[in-house]
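Going by the working numbering, the sequence shown opens with residue 4, and the numbers climb by one from there.
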Amino acid sequence: MLNRHARGFFTGLFSPLARFLLKVGVSPDAVTVVGTAGVILGALILYPLGQLWWGSLLIAVFALSDVVDGIMAREQGRSGPWGNFLDSTLDRLADGAIFTGVAIWFFTGGGNGTIASASLACLVLGMVVSYARAKAESLGFYANVGIAERAERLISVLLVTGLTGLGLPPVVLLVTLVLLAAATGVTVIQRMAAVREQAMADVDGGTPA
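The following block contains the structure:
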């Protein structure tokens, strides 16, 4: 939901940067790769060291590349299957790194296995959400629905994890992750229901009168 509503705002905000990068010869694919690398480094180095605030800040900065590369591709008229595939694949790596980094810290120095387990639950369910959409679209169905899409998941975990690093009680992060896991689980069910409805409509429509 959020990613659709905020797209116009961020496109206007980052269009000058995207045009500048194109002007100096940077490709959209390069921005995608560098952005993902920054997110992974922040999540798997700073989070396990307990630097939750700085890790979240670094991840948020590099995550903006996901907006910039898309604008660059559209400016070049090169939006197509390869860029879409690369972006989606690297998004999964970035998401996995974020929740894994949180889990590593709370399994070790953070000393809270419940938070770590909730983070891993978010990781697994988030991957299922992404897979459900990809599989549905490969079968010709539409599944871009749900209450907890990627933007909502990332903003929630980055904001609360960062604030936890500044002294917010860890229980707030636990509640956030549990609610996020629940919302992500609901999203999986919503996508399955949407595809089932379309599949049944196809079957009914193809049945002879």
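Glycine included, every Cβ here is placed at the ideal spot set by N, Cα and C.
Put simply, of Leu182, Pro51, Val36, Leu142 the residue whose alpha carbon is nearest the alpha carbon of Ala197 is Leu142. In terms of Cβ geometry, Gly53 and Trp108 form a close pair [threshold 7 Å]. The distance from the Cβ of Gly165 to that of Leu60 is about 6 Å, consistent with a contact at the 8 Å cut-off. When DSSP states are grouped into helix, strand and coil, Ala151 belongs to the coil group. The Cβ atoms of Tyr50 and Val131 lie no closer than 7 Å to each other. In this structure, DSSP gives Tyr134 a helical state, which the three-state scheme calls helix.
Look at Gly165 here: in three-state DSSP terms it is helix.
Where Ile62 is concerned, the enclosing alpha helix (DSSP H) starts and stops at 55 to 66. DSSP, reduced to helix, strand and coil, places Asn115 outside both helices and strands of the structure shown, so it counts as coil.
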